[in-house]
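Student:
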């Protein structure tokens, strides 16, 4: 058992692999092969294959692939400070409970 198990959260590596699996499912839903995606995106075929197998890819390459699949907007949800409520703001609002 590791720290992530104790905390009840997924490790970064587990999340990377799951992200790669979701990416692969989306790619297949678009009916585009890894080679076709490589051609359309300019990202090497080996990079795409490696990502789908291991979850490892540069952020820039992942953003280019997401853009090629018209999914770049999904990244706007990451690290969005508006998504998190500051407890001080919450305490000052009426009906916060």
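Numbering (the numbering used here), first residue to last: 2 to 98. All C-beta atoms, glycine included, are put in the ideal place defined by N, C-alpha and C.
Could you give the C-beta distance for residue 43 and residue 65, rounded to a whole number, given that I count them as a contact under 8 Å?
Tutor: Residue 43 to residue 65, Cβ: 7 Å. Contact.
Student: Around the Cβ of residue 55, are there at least 16 other Cβ atoms within 10 angstroms (buried) or fewer (exposed)?
Tutor: Per the 10 Å Cβ criterion, exposed.
Student: Keeping to the same chain, check which residues put their C-beta closer than 6 Å to that of residue 26; ignore five residues upstream and five downstream.
Tutor: Result list for residue 26: empty, nothing under 6 Å.
Student: Quick one: what's got a C-beta closer than 8 Å to residue 76's C-beta in the same chain, skipping five residues either side?
Tutor: Cβ neighbours of residue 76 beyond the five flanking positions: 64 and 67.
Student: I'd like to check one pair, residue 41 with residue 69: are the Cβ atoms closer than 7 Å?
Tutor: Yes, Cβ-Cβ distance for residue 69 and residue 41 is below 7 Å.
Student: What three-state label does DSSP hand residue 114 in the structure shown?
Tutor: Residue 114 cannot be examined here, being either before or after the span of the chain that is shown, 2 to 98.
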